[in-house]
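*Asks:*
Numbering (the UniProt record's numbering), first residue to last: 1 to 461.
1. Please state whether the Cβ-Cβ distance between residue 386 and residue 363 is less than 8 angstroms.
2. Start and end of the alpha helix (DSSP H) containing residue 372?
3. If you draw a straight line from the alpha carbon of residue 20 to that of residue 119, how long is it in whole angstroms?
4. Which residues in the same chain as residue 461 place their Cβ atom closer than 6 angstroms to its Cβ, once the five residues preceding and following it in sequence are excluded?
5. Are residue 273 and residue 405 closer than 8 angstroms when you measure CB to CB?
6. In or out: residue 17 buried (at least 16 other Cβ within 10 Å) or exposed?
7. Given a threshold of 16 other Cβ atoms within 10 Å of its Cβ, counted over all protein chains shown, does residue 321 qualify as buried or as exposed?
8. For residue 243, is the beta carbon positioned less than 7 angstroms from some heavy atom of the ligand MG?
9. Looking at the secondary structure, which residues open and close the beta strand (DSSP E) in which residue 360 lies?
10. Roughly how many whole angstroms lie between the Cα atoms of residue 314 and residue 245?
11. Can you check whether the C-beta of residue 49 is within less than 8 angstroms of a C-beta belonging to chain B?
12. Could I get the ranges of all uninterrupted alpha helix (DSSP H) runs contained in the segment 78-163, with 4 residues as the minimum, in chain order?
13. Can you round the beta-carbon distance between residue 96 and residue 84 to whole angstroms, since I take them to be within the 8 angstroms contact cut?
14. Check whether the segment 61-76 touches the segment 158-174, counting contact only when three or more Cβ pairs, one atom from each stretch, lie closer than 8 angstroms.
15. Among residues of its own chain, excluding the 5 on either side of residue 92, which ones have a beta-carbon nearer than 7 angstroms to its beta-carbon?
16. Would residue 81 and residue 61 qualify as a contact pair, given that the criterion is a beta-carbon distance under 8 angstroms?
17. Comparing alpha-carbon positions, which option in 407, 270, 52 lies nearest residue 304?
18. Enumerate in chain order the residues of its own chain whose CB-to-CB distance from residue 250 is below 8 angstroms, with the five nearest sequence positions on each side excluded.
19. With distances taken between CB atoms, is the gap from residue 270 to residue 391 smaller than 8 angstroms?
20. Would you mind sorting residue 86 into buried or exposed? The rule is 16 or more other CB atoms within 10 Å of its CB.
21. How big is the Cα-Cα spacing for residue 283 and residue 266?
22. Quick one, are the C-beta atoms of residue 132 and residue 231 less than 8 angstroms apart?
23. Quick check on the DSSP output: the alpha helix (DSSP H) that includes residue 31 runs from which residue to which?
24. Are the beta-carbon atoms of residue 371 and residue 307 separated by less than 8 angstroms?
25. I'd like the list of long-range same chain contacts for residue 79, defined as Cβ closer than 6 angstroms, with 5 residues on each side in sequence excluded.
26. In terms of DSSP beta bridges, what is residue 313 paired with?
27. The beta strand (DSSP E) with residue 272 in it runs from where to where?
If you want it as structure tokens, here you go:
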């Protein structure tokens, strides 16, 4: 870093000591070692790293709105953008939002049209998804390498799900107090904003093979909390290189962001009707005693919805689960329905009963379910209302529906049972070829033979 950049940074009291080299180095690169940045130079440097709409919002903040545009920006303003977006107060982040939209942040009476806020949120969400793709972290790669993609339409739905409640019912205008209330209860959007600007200010434009080989150096200086992806790590699909996904990564991120924090790091693949077949008994065999799970359903009309079950699934005439349970919809809208506390009808699973319903249910009551998958595989039901979950509306296209796809994922670590620990201690008496039954089944379904089965070790006396 040049002396001029260091001196500029040291004069900026906003920056913490650890932030000085990050912001100063970025400023030096974009300004070409001068004391000012031109708009064109900034857009050439950052343009490929974000949504074009966010680029326009950033230039509004740094250079001023159209009609009052400055040709250059100095270090102080450049540093303010970083600090306000990465670790700023709610008030500072609202000031950035207002300036980005060409509004006066000093005015308490400012009203913004909801569509403008929605587009700003969409620009940040789109830039976040672009950033995690460009960074290629282990979480992103664990999904992308198995066939999951980022779909533009789903990004728009995710942004709408984050923005829709910024307005009071019956109005399309957003006041400053509306925006404050909204940001206070929207940690997902704030994390995205932080990640996007950490990504931009740590970006180093690589132009030769030598520096390309050192590309990971950029990541190593980003604070670890900013690098943490809101995508979980995907486990269990290592034998399915082209998984038939019917969800995209922004939908998985939406579900994951609503899970308890301790269960957001890892998803374990348990069941797919496309891989394991359309069988309720197979579904049960693969999801029981697996700890917390996420169930995702696609109906014959293309609606996608599901639920988070905090307790292990087990056959019982009684409801289980707790207030962390929620239902969600991913298509045609993204919404999450948390517990009302009105009743505890979170999870129900039963089979082969004459006087009780046979199938899997979440929310509501017998025959009036929030979500129901019948034991006669292929049919389900979602009621028009459900008192178990706040704001609930019918998840499926029709009350009774036909199933196109079902997926179940374990979230967080699988609970360890005492008998499992005992089996592990005895496992020295078994061949390693006897393990990994699930993996062998998936390999067989994909047409790959296992040639090592005839080469077993001799049993020990």
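Ideal Cβ positions, reconstructed from N, Cα and C, are used throughout, including at glycine.
Note that the structure is a prediction, hence the values are computed from the model and not measured.
*Replies:* Taking the structure as given:
1. On the chain shown, position 386 is the one that residue 386 refers to. On the chain shown, position 363 is the one that residue 363 refers to. Going by beta carbons, residue 386 and residue 363 fall inside the 8 angstroms limit.
2. Counting from one through the chain shown, the residue named residue 372 turns up at place 372. That residue, residue 372, is in no alpha helix (DSSP H); its beta strand (DSSP E) goes 368-374.
3. Residue 20 sits at position 20 when you count from the first residue of the chain shown. Residue 119 sits at position 119 when you count from the first residue of the chain shown. Distance between the alpha carbons of residue 20 and residue 119 is about 32 angstroms.
4. Along the chain shown, read from residue 1 onward, the residue named residue 461 stands at position 461. Residue placement at residue 461 is poorly supported in this model, since its pLDDT is 46, which falls under 50; the coordinates still yield a value, given next. So the list is empty, once near-sequence residues are dropped.
5. By 1-based counting over the chain shown, the position of residue 273 is 273. By 1-based counting over the chain shown, the position of residue 405 is 405. In this structure, residue 405 lies closer than 8 angstroms to residue 273 by Cβ.
6. The residue you call residue 17 lines up with position 17 of the chain shown. That one is exposed.
7. The residue given as residue 321 occupies position 321 in the chain shown. By the beta-carbon neighbour count (other beta carbons within 10 angstroms, threshold 16), residue 321 is buried.
8. For the ligand MG, the structure offers nothing, since it holds no ligand at all.
9. By 1-based counting over the chain shown, the position of residue 360 is 360. Here the beta strand (DSSP E) through residue 360 covers 359-365.
10. One-based indexing of the chain shown puts residue 314 at position 314. One-based indexing of the chain shown puts residue 245 at position 245. For residue 314 and residue 245, the distance between alpha carbons rounds to 27 angstroms.
11. No chain B is present in this structure, which holds just one protein chain.
12. Counting only unbroken stretches of 4 or more residues, the alpha helix (DSSP H) elements lying wholly within the segment 78-163 are 90-100, 114-135, 138-144, 152-163, in sequence order.
13. Here residue 96 corresponds to residue number 96 of the chain shown, with the count starting at 1. Here residue 84 corresponds to residue number 84 of the chain shown, with the count starting at 1. Sure, about 5 angstroms apart at Cβ, within 8 angstroms.
14. no
15. As a first step, residue 92 is located in the chain shown; it is residue number 92 there, counting from the start. Hits under 7 angstroms: 84.
16. Against the chain shown, residue 81 aligns to sequence position 81. Against the chain shown, residue 61 aligns to sequence position 61. Cβ atoms of residue 81 and residue 61: closer than 8 angstroms.
17. By one-based count along the chain shown, residue 304 stands at place 304. Among 407, 270, 52, the Cα nearest to that of residue 304 belongs to 407.
18. For the purposes of this step, residue 250 is identified with residue 250 of the chain shown, where counting begins at 1. Contacts found: 125, 129, 150, 151, 154, 155, 157, 158.
19. What you label residue 270 is simply residue 270 of the chain shown in a count that begins at 1. What you label residue 391 is simply residue 391 of the chain shown in a count that begins at 1. Going by C-beta atoms, residue 270 is not nearer than 8 angstroms to residue 391.
20. The residue you call residue 86 lines up with position 86 of the chain shown. Per the 10 Å Cβ criterion, buried.
21. By 1-based counting over the chain shown, the position of residue 283 is 283. By 1-based counting over the chain shown, the position of residue 266 is 266. The straight-line gap from Cα to Cα measures roughly 21 angstroms.
22. The residue you call residue 132 lines up with position 132 of the chain shown. The residue you call residue 231 lines up with position 231 of the chain shown. Against a cut-off of 8 angstroms, the Cβ pair of residue 231 and residue 132 comes out as a contact.
23. Walking along the chain shown from the start, residue 31 turns up at place 31. Per DSSP, residue 31 belongs to the alpha helix (DSSP H) from 20-31.
24. Start at 1 with the first residue of the chain shown, and residue 371 comes out as number 371. Start at 1 with the first residue of the chain shown, and residue 307 comes out as number 307. Closer than 8 angstroms, so yes.
25. Working through the chain shown from its first residue, we reach residue 79 at position 79. 12, 14, 15, 23, listed in sequence order.
26. Here residue 313 corresponds to residue number 313 of the chain shown, with the count starting at 1. Residue 313 pairs with 288.
27. For the purposes of this step, residue 272 is taken as the residue at position 272 of the chain shown. Its beta strand (DSSP E) spans residues 266-272.
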